[in-house]
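Structure first, then comments.
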Amino acid sequence: MAIKDSDGIIIPSHVSQLESGSAKFLVTFNPTSLGTFTVNVTFNKEVIKGSPFEVKIVENLSNVQGGVPSDTSTLESTKKKNIKKEKKDTKKEKNGIKKGGAKAPSVEKIPSLSRVGKHAILLLSSPPGSQIEVFVVDASRNELPVQILNDEEGDEEIKQIRFIPEIVGDHEISIKVDDMEVTGSPFICRVHDPTKIKVGEIPNGIINKPVHFVVDAAEAGVGNLEVAVNEGTIASMARALGHHKYEISFVPLENIDHKISIRFNNEAVPGSPFNCRIGSDAKFNIFGTGLERIPVGKPAEFTIQTGDSKAQMPEIEVIDPRGDKVPVTVEKDAKGKGEFTVNYTPKIVGNHVIEVKYQGQTIGSPFTSKAFDAGQARLSLEEEAIVGRACTFMIDAAKAGAGNMEIIVSVDGRNVPNFVQAESQAKFKVSFTPQEAKEHLISVKFNGFPIPGNF
Numbered sequence: 001m002a003i004k005d006s007d008g009i010i011i012p013s014h015v016s017q018l019e020s021g022s023a024k025f026l027v028t029f030n031p032t033s034l035g036t037f038t039v040n041v042t043f044n045k046e047v048i049k050g051s052p053f054e055v056k057i058v059e060n061l062s063n064v065q066g067g068v069p070s071d072t073s074t075l076e077s078t079k080k081k082n083i084k085k086e087k088k089d090t091k092k093e094k095n096g097i098k099k100g101g102a103k104a105p106s107v108e109k110i111p112s113l114s115r116v117g118k119h120a121i122l123l124l125s126s127p128p129g130s131q132i133e134v135f136v137v138d139a140s141r142n143e144l145p146v147q148i149l150n151d152e153e154g155d156e157e158i159k160q161i162r163f164i165p166e167i168v169g170d171h172e173i174s175i176k177v178d179d180m181e182v183t184g185s186p187f188i189c190r191v192h193d194p195t196k197i198k199v200g201e202i203p204n205g206i207i208n209k210p211v212h213f214v215v216d217a218a219e220a221g222v223g224n225l226e227v228a229v230n231e232g233t234i235a236s237m238a239r240a241l242g243h244h245k246y247e248i249s250f251v252p253l254e255n256i257d258h259k260i261s262i263r264f265n266n267e268a269v270p271g272s273p274f275n276c277r278i279g280s281d282a283k284f285n286i287f288g289t290g291l292e293r294i295p296v297g298k299p300a301e302f303t304i305q306t307g308d309s310k311a312q313m314p315e316i317e318v319i320d321p322r323g324d325k326v327p328v329t330v331e332k333d334a335k336g337k338g339e340f341t342v343n344y345t346p347k348i349v350g351n352h353v354i355e356v357k358y359q360g361q362t363i364g365s366p367f368t369s370k371a372f373d374a375g376q377a378r379l380s381l382e383e384e385a386i387v388g389r390a391c392t393f394m395i396d397a398a399k400a401g402a403g404n405m406e407i408i409v410s411v412d413g414r415n416v417p418n419f420v421q422a423e424s425q426a427k428f429k430v431s432f433t434p435q436e437a438k439e440h441l442i443s444v445k446f447n448g449f450p451i452p453g454n455f
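Residue 103 in UniProt numbering sits at position 103 of the sequence shown; the count goes up by one each step and never skips.
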């Protein structure tokens with residue numbers, strides 16, 4: 001998802017899931033300038049039908065020719081030539097305002113997102129000869145130098161306000177014309193810095209085995225983070241770790257080096273593209289759910305492919321978090337393909353280290369599987385539910401291990417919006433507001449398994 005203003009600059013947007021488990025999403029953004037915005041939507045790096053879409057941002061909905069029946073802008077499919085036409089129309093409208101007589105000073109353009117070290121530019125419309133005062137304060141409350149320049153196109157009513165942000169964060173811009181505060185002042189300009197993106201170590205990978213690494217955007221400011229593996233031909237997943245950190249994973253399918261491109265607000269981060277070497281460990285291929293997240297007390301399985309029908313039995317060792325060995329069974333396939341199936345059953349929560357050896361040589365290991373136990377998570381309702389009043393319940397998954405939580409509150413089969421707040425490590429406070437005096441069902445699953453206390 002990329003939303004661009006009339007000058008082609010990407011602005012921040014927020015995507016939220018409308019219902020847990022559904023494939024419907026709500027996209028919101030805050031326009032800070034007038035004109036035609038384009039909404040570019042891709043799915044698995046492929047442009048969806050009708051994209052890019054067009055949103056016309058106006059000062060007052062009544063100004064839109066023909067009127068708008070609701071307070072929601074509509075999206076229309078557009079082409080590049082339509083965008084050029086819109087820019088010409090916008091310029092004509094601006095000239096028309098000028099000829100129609102004086103108007104109150106106003107900011108015609110506000111940079112919704114600016115980069116550290118580069119000019120942020122505002123356009124101010126005011127009567128010629130006006131006394132203009134501009135104060136810019138950064139996120140640390142330091143005042144920045146400001147330039148007030150004439151319009152590049154020679155428009156006497158337009159002034160160009162410039163400053164160079166030095167740190168990440170919201171910058172406050174106060175503007176006065178003839179000692180009068182301009183409508184909307186102070187304005188907010190959000191500043192980002194792609195050089196502050198930190199990419200963790202990217203390990204070498206094995207075919208059909210997930211590769212994981214961490215991207216830390218905590219100090220980079222607001223914006224859009226994009227990760228593409230082999231120019232988007234390999235699917236990648238992002239899991240939020242909190243505090244603007246993300247675990248990125250992908251599964252290589254070929255024994256070739258993989259290029260990982262990371263961009264922040266459409267700018268490559270330092271070091272991008274990164275290289276991930278993929279190997280097969282001398283034709284060995286090791287994969288399966290038993291190398292990933294596994295439930296305690298249930299058999300976990302993974303496969304070893306050797307490509308040699310005469311291959312000898314590999315040596316497998318699984319060590320639990322206490323340092324104890326977990327019993328393992330290894331079976332060779334009956335079809336003579338040189339495949340081995342490994343089974344073990346974790347007894348406790350935590351990381352299990354898996355060592356695979358063949359003829360005394362380590363093969364693609366150690367691997368780490370993460371055992372979890374949904375039965376160790378707890379759900380408790382703190383208060384009685386009352387119509388129209390927020391109801392809160394707690395989830396404690398501190399002893400359940402690593403995993404994802406799925407929370408659904410429903411009434412008569414309809415989902416009720418809920419809000420999740422992290423209280424501490426693996427402890428969450430969930431609230432919802434019932435609108436009907438009916439029985440509400442609270443369902444919480446951990447890695448797909450229901451936790452005790454659902455009601």
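Cβ coordinates follow ideal geometry from the N, Cα and C atoms, glycine included.
Because the structure is a prediction, the values reported are computed rather than measured.
What's the call for residue i, buried or exposed, on a 16-neighbour Cβ count within 10 Å?
{"i": "Val182", "result": "buried"}
{"i": "Met405", "result": "buried"}
{"i": "Gly35", "result": "buried"}
{"i": "Asp373", "result": "buried"}
{"i": "Arg414", "result": "exposed"}
{"i": "Ile48", "result": "exposed"}
{"i": "His171", "result": "buried"}
{"i": "Lys109", "result": "buried"}
{"i": "Lys118", "result": "exposed"}
{"i": "Ile363", "result": "buried"}
{"i": "Arg115", "result": "buried"}
{"i": "His243", "result": "exposed"}
{"i": "Ser424", "result": "exposed"}
{"i": "Asp179", "result": "exposed"}
{"i": "Phe213", "result": "buried"}
{"i": "Ala334", "result": "exposed"}
{"i": "Lys445", "result": "buried"}
{"i": "Asp5", "result": "buried"}
{"i": "Pro327", "result": "exposed"}
{"i": "Gly50", "result": "exposed"}
{"i": "Asn142", "result": "exposed"}
{"i": "Pro346", "result": "buried"}
{"i": "Pro366", "result": "exposed"}
If residue i and residue j are in contact, beta carbons under 8 angstroms, what's the gap, nearest whole angstrom?
{"i": "Asn265", "j": "Asn224", "result": "6 angstroms"}
{"i": "Arg239", "j": "Glu226", "result": "Actually they do not touch by this definition, with Cβ atoms about 16 angstroms apart."}
{"i": "Asn418", "j": "Ser431", "result": "7 angstroms"}
{"i": "Phe53", "j": "Thr38", "result": "7 angstroms"}
{"i": "Ser309", "j": "Gly336", "result": "4 angstroms"}
Can you find the residues in the same chain that come closer than 8 angstroms, C-beta to C-beta, to residue i, ignoring five residues on each side of it along the sequence?
{"i": "Val222", "result": "Pro12, Leu113, Arg190, His192"}
{"i": "Thr289", "result": "Ala300, Glu301, Phe302"}
{"i": "Ala385", "result": "Cys391, Pro434, His440"}
{"i": "Val168", "result": "Val116, Ala139, Val191, His192, Asp193, Lys196, Glu219, Ala220, Gly221"}
{"i": "Leu123", "result": "Val107, Glu108, Lys109, Asp151, Ile158, Lys159, Gln160, Ile161"}
Let me check one thing: in DSSP terms, what residues is residue i bridge-paired to?
{"i": "Arg263", "result": "Glu226, Ala268"}
{"i": "Ala371", "result": "Ile294, Gly350"}
{"i": "Ile363", "result": "Answer is none; Ile363 lacks a bridge partner."}
{"i": "Gln421", "result": "Lys429"}
{"i": "Thr303", "result": "Phe287, Thr341"}
{"i": "Lys445", "result": "Glu406, Pro450"}
{"i": "Met180", "result": "Val177"}
{"i": "Val411", "result": "Arg414"}
{"i": "Leu123", "result": "Lys109, Gln160"}
Under a CB-based cut-off of 8 angstroms, is residue i close to chain D?
{"i": "Lys159", "result": "Among the protein chains of the structure shown there is no chain D, as only one such chain exists."}
Ordered along the chain, which non-local residues of its own chain (more than five positions away) have a Cβ less than 7 angstroms from that of residue i?
{"i": "Asn275", "result": "Asp257, Lys259"}
{"i": "Gly375", "result": "Pro452"}
{"i": "Asn63", "result": "Reliability of the predicted coordinates at Asn63 is poor, the pLDDT of 42 falling under 50, and the value obtained from them is presented with this limitation in mind. So the list is empty, once near-sequence residues are dropped."}
{"i": "Glu59", "result": "Leu34"}
Tell me whether the beta-carbon of residue i lies closer than 8 angstroms to the beta-carbon of residue j.
{"i": "Glu292", "j": "Glu317", "result": "no"}
{"i": "Glu339", "j": "Ile304", "result": "yes"}
{"i": "Ile132", "j": "Val177", "result": "yes"}
{"i": "Ile197", "j": "Val251", "result": "no"}
{"i": "Val211", "j": "Val199", "result": "no"}
{"i": "Gly350", "j": "Asp320", "result": "yes"}
{"i": "Gly371", "j": "Ile294", "result": "Checking the sequence, you will find Ala at residue 371 rather than Gly. The answer is yes: Cβ separation under 8 angstroms."}
{"i": "Phe284", "j": "Thr306", "result": "yes"}
{"i": "Glu157", "j": "Pro127", "result": "yes"}
{"i": "Ile164", "j": "Val134", "result": "no"}
{"i": "Ala377", "j": "Ala402", "result": "no"}
{"i": "Val420", "j": "Lys438", "result": "no"}
{"i": "Val136", "j": "Leu144", "result": "yes"}
{"i": "Pro314", "j": "Tyr344", "result": "no"}
Beta-carbon within less than 6 angstroms of residue i's beta-carbon, same chain only, minus the 5 sequence neighbours each way: which residues are those?
{"i": "Pro31", "result": "Ile57"}
{"i": "Ala2", "result": "Ile10, Asn40"}
{"i": "Ile188", "result": "Asp170"}
{"i": "Asp7", "result": "none"}
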